[in-house]
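Peer 1:
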Amino acid sequence: MEIESGIRHQQMPLVVAGIFLGLGLGGFVDGILLHQILQWHHMLSNIRPLSTTSNIDLNMVWDGLFHALDWILTVIGVALLWRAGGRKDVPWSSHTFVGSLLMGAGLFNVVEGVIDHQILGIHHVKPGPNQLAWDIGFLVFGALLVLVGWLLLQNRLKSDNFSYVDSSSQ
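Taking our numbering, the leading residue of the sequence shown gets 255, the next gets one more, and so forth.
(1) Would you mind listing the alpha helix (DSSP H) stretches within the segment 260-348 that are 4+ residues and don't spill past its ends, in chain order?
(2) Three Cβ pairs or more, each shorter than 8 Å: is that satisfied between the segment 316-329 and the segment 386-403?
(3) Since asparagine 363 and leucine 386 should fall inside the 8 Å C-beta cutoff, what is the C-beta to C-beta distance between them, to a whole number of angstroms?
(4) Considering only residues of the same chain and omitting the five flanking positions on each side of histidine 296, which have a CB-CB separation below 6 Å?
(5) Run through DSSP, which three-state label would leucine 444 get?
(6) Using three-state DSSP, classify leucine 407 as helix, strand or coil.
(7) Within the same chain, show all residues whose beta-carbon is closer than 8 Å to that of glycine 285, passing over the 5 residues directly before and after it, in chain order.
(8) Please name the residue, chosen from Gly382, Arg341, Leu407 and Val329, that lies closest to glycine 277 on a Cα-to-Cα basis.
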């Protein structure tokens with residue numbers, strides 16, 4: 255049975271798990287790299303600049319809530335992956351899983367970039383000169399991740415050589 259996009263029904267548990275893991279892990283990469291290591295922005299840094307202790311505290315709380323959401327998405331992805339792993343009818347494929355991970359991470363970038371950077375304006379990727387270019391680059395990078403993930407899924411679908419995990423031998 256084929257779904258409209260060409261993804262086989264049996265692959266959906268692995269695809270959904272990969273997308274949730276990609277969303278969560280993509281958020282962690284954003285938070286750890288951009289918020290903590292590079293310190294380019296924090297969740298509310300455009301509306302509450304890090305110029306006072308109370309603003310720093312407020313941004314820290316919102317960064318923590320952001321990471322809590324990332325953690326929840328990742329746990330959901332792990333639970334879905336675990337559940338898919340217990341099913342004999344789910345074909346295991348690195349193309350499918352990695353493609354789904356990339357799609358999830360890219361979707362995270364696109365959604366977060368449009369909402370937080372463009373619509374709400376609560377922070378920008380790299381505030382200051384050329385911040386719009388950094389924001390657009392972030393969106394383009396996210397869209398490329400989605401595209402590469404989608405292409406990996408489609409490439410995998412051209413082959414009928416799926417490997418099934420026989421859980422009785424484990």
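Glycine residues also receive a C-beta, built at the ideal position from the N, C-alpha and C atoms.
Peer 2: Looking at the atomic coordinates:
(1) Qualifying alpha helix (DSSP H) stretches, in chain order: 266-283 and 307-339.
(2) Here the segment 316-329 does not lie against the segment 386-403, with fewer than 3 beta-carbon pairs under 8 Å apart.
(3) A Cβ-Cβ distance of about 16 Å is found for the pair asparagine 363 and leucine 386, leaving them out of contact under the 8 Å criterion.
(4) Within its own chain, the residues whose Cβ lies closer than 6 Å to the Cβ of histidine 296, once the five positions on either side in sequence are excluded, are His289, Asn313 and Asp317, listed in chain order.
(5) One cannot answer for residue 444 here, as it falls past the ends of the chain, which runs 255 to 424.
(6) DSSP places leucine 407 in helix when its eight states are reduced to three.
(7) Once the five neighbours on either side are set aside, the close Cβ partners of glycine 285 are Asp317, Phe320, His321 and Asp324.
(8) The amino acid at residue 277 is misidentified as glycine; the sequence shows leucine. Closest by alpha carbon: Val329.
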